[in-house]
Amino acid sequence: QQNIDTQAFITQTNTQALLVLRDGKRVYEYYAPTASVTSRHTSWSVAKTVVASLIAIAIKEGKIQDVNDTVATYLPQLQGTAYGQAKIIDLLRMSSGVRFNEDYASRLSDISQLFYKVFIFGQNIDEVVGSLPQEYTPGTKFDYTSPDTHVLSMILRQVYQQNISQLTQNKLWQPLGMEDDALWNLDKTDGVELGYCCLNATARDYAKLGQLYLQQGRWQGVQLLPEGWVHAASHRSEPWLQA
């Protein structure tokens, strides 16, 4: 075990904000000179947890019947594609079966090409993701693939007939009593949220999301996420999901 000086760690990592909660209350809060309590910080892939939480709420509310339903059940436009035959549970486990190289260091990787297509060439994010080819049988191995979560966001938009920003506000931000508005990055042409990343929120509101999961999806006496969802999301029995 090694003790690390908090301030030294903050300086070394160029940390912009750091909060520590104990029993749901803030016991430590730091902001860099370039940030403040109201600064929004890009979530990157923490946004995937937000989308997965919205999927959980959709199941609880009966908008999604079963995590074993195929994607095409809710998105018929993806029937016959690699994603169409995958199940919702496959996307939650990052085992959709699509071929996708998520190497951020390579300009030729699929994730880099995705950003080029969306932000430089102005292509629709839904169409780009929906055209990905299949590589393996869904539900047989773990392969970190950001578009999996974007397809989950497409399902949410379909079953609620709302955009992800509205859903985040109605289903999470309001019930959790968030202090500040959050913003999603959009694709360049059609204003569609990037479901796999790029939610921007304050540190205090991120902390509340963490507290929600620490409390097994329960908030102020209300079971916001389905009973057992947090445990199922963090404890998997499949051999190919074991660390």
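In the numbering used here, the protein residues as written are 523 to 765. The beta carbon of each residue, even a glycine, is placed where N, CA and C say it ideally should be.
Residue i burial status per 10 Å Cβ neighbour count (16 or more: buried)
i	result
Asp612	buried
Arg629	exposed
Ala530	exposed
Thr603	buried
Gly732	exposed
Gly699	exposed
Pro669	buried
Arg548	exposed
Thr667	buried
Thr535	exposed
Ser756	exposed
Ile610	buried
Delimiting residues of the alpha helix (DSSP H) encompassing residue i
i	result
Ala755	751 to 756
Leu613	610 to 614
Ala723	Ala723 -> not in any alpha helix (DSSP H); beta strand (DSSP E) instead, spanning 721 to 723.
Tyr596	593 to 596
Where residue i falls: helix, strand or coil (DSSP)
i	result
Ala557	coil
Tyr682	helix
Arg548	strand
Leu487	With the chain represented from 523 up to 765, any question about residue 487 goes unanswered, as that position is not in the structure.
Gln764	coil
Thr690	helix
Leu731	helix
Val673	helix
Same chain, Cβ closer than 7 Å to residue i, neighbours up to 5 away in sequence not counted
i	result
Val752	Tyr735, Gln738, Gly739
Glu657	Gly619, Val620, Arg621
Ser675	Val573, Ile686, Glu715, Gly717
Same chain, Cβ closer than 8 Å to residue i, five either side skipped, listed in chain order
i	result
Leu708	Val714, Glu715, Leu716
Phe664	Arg615, Met616, Ser617, Trp762, Leu763
Cys720	Thr564, Ser565, Trp566, Ala569, Trp706, Asn707
Contact test: residue i Cβ vs the ligand PLP heavy atom, cutoff 8 Å
i	result
Ile677	This structure simply doesn't include the ligand PLP, nor any ligand for that matter.
Endpoints, the beta strand (DSSP E) within which residue i is located
i	result
Val542	539 to 544
Supposed contact pair residue j and residue i - C-beta distance, whole angstroms, cut 8 Å
i	j	result
Val542	Tyr553	That belief does not hold up - the Cβ atoms of Val542 and Tyr553 are roughly 13 Å apart, past 8 Å.
Val673	Val651	6 Å
Pro660	Gln607	7 Å
Arg679	Pro655	Rounded, the Cβ-Cβ distance is 24 Å, inconsistent with contact.
Lys585	Tyr682	6 Å
Asn646	Asp632	17 Å between Cβ atoms; not a contact.
Close Cβ partners of residue i (< 6 Å) along its chain, the five nearest in sequence each way excluded
i	result
Thr671	Lys570, Val573, Gly717, Tyr718
Arg726	Glu701
Gly644	Lys710, Thr711
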